[in-house]
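Before any comments, here is the structure.
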């Protein structure tokens, strides 16, 4: 346990030292505050200026905010892993008491746990309107797994930080998947079934929550495992 805390302490120092990583790590908290305080203000302004009622779209805005949470936490973890991989530190963990498996589990567990905590806080405390708690919890479980996905994607396929930024920008498009889930009519929504970000949004909006959650969970686990294997091959 002490070895894990030592690794987390080193991560904290790296995050505080790098402005980009610091802003990304603090991003979910800023998003939660902005969502809670800014959405009602924006709704009032739109109502006065354009007679447009934003309240029916609170759930959609919340879905986009929740989609951003694993994106930023996964990006932080991914860049830390990318830096350690480039410096040749990851193979060294294999000969330490932490071992390579402990290193990888810590790297995956940290962004997932942070994403889950942030997501639950947004669902329960930052939402300006009532939320179905069961749907919010189920969707949050899937969203948090996407933090591990992004971290593994960057560490496995980016050759350096520049490529990591490019991959992050490309993956950033998927943040707006909730818009497609909400507005694409059937059968056109099947076009985005291949993206993992489709499933938590579908869980949040659909009536058949258990079915969509079960399918999404299997797909998320499969993608995480495949990326994990790719990362292992990269560092061997």
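In this note's numbering, the protein residues as written are 21 to 256. A virtual CB, placed ideally from N, CA and C, is assigned to each residue, including glycine. Remember, it's a predicted structure, so these values are computed and weren't measured experimentally.
*Rounded separation between residue 213 and residue 105 - CA only*: Taking the straight line from one Cα to the other gives about 32 Å.
*What do you get for residue 10, buried or exposed, if any count of 16 or more other CB atoms within 10 angstroms of its CB means buried?*
The chain is shown from 21 up to 256; residue 10 falls before or after that span and cannot be answered.
*Leaving out five residues on either side along the sequence, give the residues of the same chain with a beta carbon under 7 Å from the beta carbon of residue 215.*
For residue 215, where only same-chain residues beyond five positions count, the Cβ hits under 7 Å are 194 and 197.
*Taking residue 156 as the reference, which of 65, 221, 126 and 165 has the closest Cα?*
Residue 156 has its Cα closest to that of 221, out of 65, 221, 126 and 165.
_Where residue 197 falls: helix, strand or coil (DSSP)_ = Helix.
*Do residue 142 and residue 86 have their C-beta atoms closer together than 8 Å?*
A Cβ-Cβ contact shorter than 8 Å links residue 142 with residue 86.
*Kindly indicate which residue of 77, 57 and 209 has the alpha-carbon position closest to the one of residue 151.*
Of 77, 57 and 209, the residue nearest in Cα terms is 77.
*Using DSSP with H/G/I as helix, E/B as strand and the rest coil, what is residue 250?*
Helix at residue 250.
*asked:* Considering only their Cβ atoms, is the gap separating residue 223 from residue 242 smaller than 8 Å?
replied: Against a cut-off of 8 Å, the Cβ pair of residue 223 and residue 242 comes out as no contact.
*Three CB pairs or more closer than 8 Å across the segment 203-210 and the segment 164-182*: No contact exists between the segment 203-210 and the segment 164-182.
*Anyone know if the C-beta pair for residue 74 and residue 62 falls short of 8 Å?*
Going by C-beta atoms, residue 74 is nearer than 8 Å to residue 62.
_Proximity of residue 80 and residue 51 at Cβ, strictly below 8 Å_ = Cβ atoms of residue 80 and residue 51: not closer than 8 Å.
*Does DSSP classify residue 131 as helix, strand or coil?*
Helix at residue 131.
*Out of curiosity, what's the CA-to-CA distance linking residue 244 and residue 93?*
When rounded, the distance between both Cα atoms is 16 Å.
*asked:* I need the straight-line Cα distance from residue 68 to residue 57, nearest angstrom please.
replied: Just so you know, the alpha carbons of residue 68 and residue 57 end up roughly 18 Å apart.
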